[in-house]
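Protein chains in written order, with this note's numbering: chain A, 6 to 91; chain B, 6 to 91; chain C, 5 to 754; chain D, 67 to 303.
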Ligand SMILES: Nc1ncnc2c1ncn2[C@@H]1O[C@H](COP(=O)(O)OP(=O)(O)O)[C@@H](O)[C@H]1O
Ligand SMILES: [Mg+2]
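#1: Mark residue 60(A) as exposed unless 16 or more other C-beta atoms lie within 10 angstroms of its C-beta, in which case mark it buried.
#2: For residue 240(C) and chain A, any beta-carbon pair shorter than 8 Å?
#3: Give the residues of chain C in contact with residue 81(D), contact being defined as C-beta atoms less than 7 Å apart.
#4: Could you tell me whether the Cβ atoms of residue 122(D) and residue 27(A) are closer together than 8 Å?
#5: Just by C-beta distance, which residues in the region 263-286 of chain C are closer than 8 Å to chain D?
#6: Tell me where the alpha helix (DSSP H) around residue 1(C) begins and ends.
#7: Can a CB atom of chain C be found closer than 8 Å to the CB of residue 272(D)?
#8: Consult DSSP for residue 613(C) and reduce its assignment to one of helix, strand or coil.
#9: Ignore the nearest five residues each way along the sequence and tell me which others in residue 352(C)'s own chain have a CB closer than 8 Å to its CB.
#10: Do the region 358-373 of chain C and the region 433-445 of chain C meet, that is, are 3 or more Cβ pairs less than 8 Å apart?
#11: Buried or exposed: which applies to residue 282(D), given that a residue is buried once 16 or more other Cβ atoms fall within 10 Å of its Cβ?
#12: Using the beta-carbon of each residue, which ones in chain A are nearer than 8 Å to residue 119(D)?
#13: CB-CB under 6 Å to residue 271(C), same chain, minus the five flanking residues each way: which ones, in chain order?
#14: What whole-angstrom Cβ distance do residue 735(C) and residue 401(C) have, given they're in contact under 8 Å?
#15: May I ask which residues mark the beginning and end of the alpha helix (DSSP H) holding residue 639(C)?
#16: Only counting the same chain, and skipping five residues up and downstream in sequence, which positions put a Cβ closer than 7 Å to that of residue 598(C)?
#17: Within the region 73-114 of chain D, note down every full beta strand (DSSP E) run reaching 3 residues or more, in order along the chain.
#18: Would you give the residue range spanned by the beta strand (DSSP E) that residue 49(A) belongs to?
#19: Leaving out five residues on either side along the sequence, give the residues of the same chain with a beta carbon under 8 Å from the beta carbon of residue 101(C).
#20: Please state the DSSP three-state secondary structure of residue 209(C).
#21: Contact criterion: CB-CB distance below 8 Å. Does residue 17(A) meet it with respect to chain B?
#22: Of the choices 15(B), 78(B), 68(B), 8(B), whose alpha-carbon is the least far from that of residue 217(D)?
#23: Is residue 36(A) buried or exposed, if buried means 16 or more other CB atoms sit within 10 Å of its CB?
#24: List, in order along the chain, the chain A residues whose C-beta lies closer than 7 Å to that of residue 314(C)?
#25: Compare the C-beta of residue 176(D) with all C-beta atoms of chain F and state if any pair is closer than 8 Å.
#26: Can you give, in chain order, each stretch of the alpha helix (DSSP H) that sits fully within the region 198-225 of chain D and has at least 4 residues?
#27: Assign residue 600(C) to one of three DSSP states: helix, strand, or coil.
#28: What residues from chain C crowd round residue 21(A), counting only those whose CB sits closer than 8 Å?
#29: Below 8 Å between beta carbons: does that hold for residue 146(D) and residue 109(D)?
#30: Would you report the Cα separation of residue 119(C) and residue 69(C), rounded to the nearest angstrom?
#31: Have a look at 286(D), 284(D), 267(D) and flag the residue whose alpha-carbon is nearest the alpha-carbon of residue 171(D).
#32: With distance defined between alpha-carbon atoms, name the residue in 163(D), 271(D), 297(D), 243(D) nearest to residue 256(D).
#33: Roughly how many whole angstroms lie between the Cα atoms of residue 543(C) and residue 165(C)?
#34: In whole angstroms, give me the CA-to-CA distance for residue 225(C) and residue 243(C).
#35: Are there three or more Cβ pairs, one per stretch, closer than 8 Å when the region 554-566 of chain C is compared with the region 617-627 of chain C?
#36: Near residue 374(C), which residues of its chain fall below 7 Å by C-beta distance, leaving aside the five closest residues on each side in sequence?
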């Protein structure tokens, strides 16, 4: 069976996000004064093969921990969706 | 009222994604053979002030069009969530 | 329960000393300030008395140790500011950000002096690349330097990298920045002029890095590092770039009295140092400091190590103009206090006094220790090593091939190719050779720069190893035609609380000092990084020398690669049977053992003078230092870097070699020592055939041995020699080149 | 001819472009701050390399809103010359003055090195002093130089001779190995239909003096000057 894991990786709260700060400033300069804060992160859409949801989730969790997120400054979360066949 | 717009920006399907390819390769090297494809995008969490959901959505839509995504290669989507006061 | 002082890393005696200074018990904030400023990282309390041995005076020294960077007079009314600094511990936790913020920090040290930063170098050490963690650290560090340095528009023009198992768990990341400043406009980190306003500019202050660099670098490094993780900071090179431009624009005015970067120990250090140096005082209100986070208390504001911030002391009455300049660059500038004359650092929060201590007591009255030193026992064993236990190999070609693919000797282009080494269009000798050369636009002059430090030699004989680090760095610079002018350094060691480590430390400094005196290169500054150990296992003593040299006429600059066929290859210096500590010996035995090569400083000077004279007379067409891997590897490198260009080229990395070489080494020595031994004070040069006598004459008058070895040409590297004059090496240059060129990428490219 | 080097927050090859224009080619040249809204007195606008706004979000994305960049659009429409180098090229793509977009290098690594370029079109103001098919040695230094355009755009570019430079090997062949970043069809530089706006990833300003290892980039600037002197007529060098 095919799954899509949608992984979000964000900087931990309190960790400086230069990219978010700069985008926020740019938006306000463009006239979007209502913008308070911006934080920028990564989203990864991973197609994985696997029979069992729990097992797939465990593997994705492991991928996040080992490679996709840097636990020193980042945190992650993900959702697993079953792909329609074909 | 405070809202959080969670904007996702991904490369259009069909546009080769070097980062996704690299991450996919790295995952398979680490032994995650079940990984088929990886696409990497950006997620922006934008806190905006605004009274009315529809109006806020229209503004965020405009931000995406003008700055946050490059329509030549990217597509975007977003969700708007009301923040709990305080 | 821990005692008060223990919580901030101080001893009971140090606590008593604080009470004596204050005449009372410190409150928590005050104690925190002392804890930080009296940490090893900030106070140099274990190293100070040893560092005093360095010769730091010289005619050309405009600024010696004590300021944010040293400055040398390079003529044309210009000063060259330069400094080397470590970011080892942060990089061990988060390689990308650790290295990136390391660049950020050293660059701030340079423009704090009023200097326009012009180039970077990086000196790196990692564990061996067979371990995934070390590969991760290495590629992370390299991309961190690349990400930050490239964004600033600073060329990273050189550096070095070694891989050795002693750095497993303790990688070293030392970075060097150079800058140019008009001699009469050097800015000092001094808070003078009572009533002058004090500004903080640049990034907002957050909770990041509280107890970051200073505490991390002042403790043994172990599992508890895990809980220090939030101390890791994220660098913002874009902010730093704006900060550089804004500050340099400010220096064009006369609004600035003094400036200091906010590095380790943040505001605490910047305020107490600037006031301390000037003998003044300072008063500030933490409530005026722009914050990134809500609810920060005075302790957090004073100790935060948020990046990309500067402290600026401004002439009274110029506040608005100063604000305008920062505004233009989109930066915040907040007035947080003023200079006083009572010698006190007075901290308020919304007007309420929260700390009051003598400024100088924080910055330079930390206790100074002369702790016990003892020669380590392992030296008996390593120095007794006898090379005759190791049989001479059957053949030498496969050993040469193997050496050239060792990550310690292979081409470093996979690394420096990720750095923009050309931006600012001053780099006229690119990385890949001995030293990089930068032109000084608007003059005929140039600056050559190199970093060096072979820690294996230091491990086997720290005194000798320290001296060799200086001599080799000077030799590298000399190979470009530049006269060595001065050094900065970074001393990376284990815990100074261990007598054997401190003994090594002292010996290295003595060796370095001796070489600096002999070669006329004063020490203008540096940095000490202690506690580089994991689970009681210290790294090899690793001094890194950053040497700068001056070229009066850049059209005479010289590079390492052969310049086409038909040139005569000459060795300045002499070969000795010295295999101790060599890469070859490590590859053969898996051990760092033996005695390192000898260093005769008179010979060293003679060789360097000969090389300089030969280059400036226009005789020498290429010059390359024989270093790790010995003569055979040096000859191969001269082929790899060869070109047929007539003009002195900047030596483009990554080009296919143009010529081979044929040499014969007559010697009674065992051939492996002859080929791969790492005897010091040797430079391989080429000259036109008709110029050989003239070079020999120069060598004779300087007292340097000078031997014709052979001739460039063909496509092969051919070496005959040894007692029987047999064929030792006969290989196609392009084939050797390919494996040398691609070795690191194979290991790290994934 | 008067040239302007636009300085964006985060530009860093501005000094190099300025040096070449002024010291090497001898043009009257000014730095103009990105907030400048009137650049009508300049005949050539150079958007230099660097990391405008840190290249945060996307390279060149935030810069496109700067008044000076908006002015570049006006200059382009009036037939004046606009040259975007590296980050400047990325800015031109983001503003839509040139078609397509940039992605990360295929290797995901920043790469600084000399490459070979073939001059594909010598009929524009920036290249008329080169011989068609000339192979240049010129440095690249970027992390996002992987040019992309959809099939239709690519075809249009080719049909109208808008591909100005391609990555090639020493012999002039556009091989995959010669491509430093995975760029579509080995594209290194493109121009607009009229030929007065050029964007290129390699750095001609870094190879306009022999002391830097190559002079091959110099003619990009001298071509522009000659074109202007000839009042917009292309002379053969
Ligand atoms: N980490 C690095 N960063 C940048 N350049 C490097 C790095 N490591 C090595 N290099 C460059 O590669 C070349 C060879 O380095 P190295 O083998 O240490 O030379 P040498 O033995 O002559 O000192 C030098 O030009 C050096 O500047
Ligand atoms: Mg070296």
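Cβ coordinates follow ideal geometry from the N, Cα and C atoms, glycine included.
By the coordinates alone:
#1: Counting from 1 along the first chain, the entry for residue 60(A) is found at position 55. Exposed, by the Cβ-count rule.
#2: Taking the third chain and counting its residues from 1, one reaches residue 240(C) at position 236. It does; some Cβ of chain A falls within 8 Å.
#3: Your numbering for residue 81(D) matches position 15 in the fourth chain. In chain order: 428.
#4: Residue 122(D) sits at position 56 when you count from the first residue of the fourth chain. Residue 27(A) sits at position 22 when you count from the first residue of the first chain. Residue 27(A) sits close to residue 122(D), with the two beta carbons spaced by under 8 Å.
#5: Within the region 263-286 of chain C, no residue qualifies.
#6: The structure shown has nothing for residue 1(C), since chain C only spans 5 to 754.
#7: The residue labelled residue 272(D) in the question sits at position 206 within the fourth chain. For residue 272(D), the answer is yes, since a Cβ of chain C falls inside 8 Å of its Cβ.
#8: Position 609 of the third chain, counted from the first residue, corresponds to residue 613(C). In the structure shown, residue 613(C) sits in a helix (DSSP, three-state: H, G or I).
#9: One-based indexing of the third chain puts residue 352(C) at position 348. Sequence-distant Cβ neighbours of residue 352(C) in its own chain, meaning closer than 8 Å and more than five residues away, are 287, 288, 289, 290, 291, 358.
#10: Below 8 Å, too few C-beta pairs join the region 358-373 of chain C and the region 433-445 of chain C to call them touching: fewer than three.
#11: Residue 282(D) sits at position 216 when you count from the first residue of the fourth chain. Classification for residue 282(D): buried.
#12: Here residue 119(D) refers to the residue found at position 53 when the fourth chain is read from its first residue. Within chain A, the residues near residue 119(D) are 27, 31.
#13: Numbered from its first residue, the third chain carries residue 271(C) at position 267. Excluding sequence positions up to five before and after residue 271(C), its CB lies within less than 6 Å of the CB of 306, all in the same chain and listed in chain order.
#14: By 1-based counting over the third chain, the position of residue 735(C) is 731. By 1-based counting over the third chain, the position of residue 401(C) is 397. Between residue 401(C) and residue 735(C) the Cβ distance is about 6 Å, and since that is below 8 Å, they are a contact.
#15: Start at 1 with the first residue of the third chain, and residue 639(C) comes out as number 635. For residue 639(C), the enclosing alpha helix (DSSP H) covers residues 634-644.
#16: To locate residue 598(C), count along the third chain from 1; it is residue 594. Closer than 7 Å at Cβ, skipping near neighbours: 386, 389, 391, 464, 583, 584, 585, 589.
#17: Within the region 73-114 of chain D, the complete beta strand (DSSP E) runs of at least 3 residues are 94-99, 110-113.
#18: Reading the first chain from its first residue, position 44 is the one you call residue 49(A). Taken as a continuous stretch (DSSP letters only), the beta strand (DSSP E) holding residue 49(A) covers 40-54.
#19: Taking the third chain and counting its residues from 1, one reaches residue 101(C) at position 97. Cβ within range, chain order: 94, 148, 236, 237, 238, 239.
#20: Residue numbering aside, residue 209(C) sits at position 205 when the third chain is read from its first letter. Residue state, collapsed to three classes: strand.
#21: Taking the first chain and counting its residues from 1, one reaches residue 17(A) at position 12. Not one chain B Cβ lies under 8 Å of residue 17(A).
#22: Taking the fourth chain and counting its residues from 1, one reaches residue 217(D) at position 151. Comparing Cα positions, the closest option is 78(B).
#23: Within the first chain, the letter at position 31 stands for residue 36(A). Under this definition residue 36(A) is an exposed residue.
#24: Indexing the third chain from 1 puts residue 314(C) at position 310. Chain-order list of chain A residues neighbouring residue 314(C): empty, with the shortest C-beta distance near 16 Å, by a criterion of under 7 Å.
#25: Looking for chain F here will not work: the only protein chains present are A, B, C and D.
#26: Taken in chain order, the whole alpha helix (DSSP H) runs of length 4 or more contained in the region 198-225 of chain D are 217-225.
#27: On the third chain, residue 600(C) is found 596 positions in, with the first residue counted as 1. When DSSP states are grouped into helix, strand and coil, residue 600(C) belongs to the coil group.
#28: Sequence index remark: in the first chain, residue 21(A) carries index 16 (1-based). Ordered by position in chain C, the residues that pass the 8 Å Cβ test against residue 21(A) are 207, 210, 212, 237, 238, 240, 296, 310, 311.
#29: Here residue 146(D) refers to the residue found at position 80 when the fourth chain is read from its first residue. Here residue 109(D) refers to the residue found at position 43 when the fourth chain is read from its first residue. Closer than 8 Å, so yes.
#30: In the third chain, residue 119(C) corresponds to position 115, counting from 1. In the third chain, residue 69(C) corresponds to position 65, counting from 1. CA-CA distance, residue 119(C) to residue 69(C), rounds to 16 Å.
#31: In the fourth chain, the residue the question calls residue 171(D) occupies position 105. In this structure, 267(D) is the residue among 286(D), 284(D), 267(D) with its C-alpha nearest to the C-alpha of residue 171(D).
#32: Walking along the fourth chain from the start, residue 256(D) turns up at place 190. The shortest C-alpha to C-alpha distance from residue 256(D) to any of 163(D), 271(D), 297(D), 243(D) is the one to 163(D).
#33: The residue you call residue 543(C) lines up with position 539 of the third chain. The residue you call residue 165(C) lines up with position 161 of the third chain. Each residue's alpha carbon lies about 15 Å from the other.
#34: For the purposes of this step, residue 225(C) is identified with residue 221 of the third chain, where counting begins at 1. For the purposes of this step, residue 243(C) is identified with residue 239 of the third chain, where counting begins at 1. Here the model assigns residue 225(C) a pLDDT of 42, short of 50, so the residue's position is not dependable and the matter cannot be decided.
#35: Cβ pair count under 8 Å is three or more, so yes.
#36: Start at 1 with the first residue of the third chain, and residue 374(C) comes out as number 370. The residues are 53.
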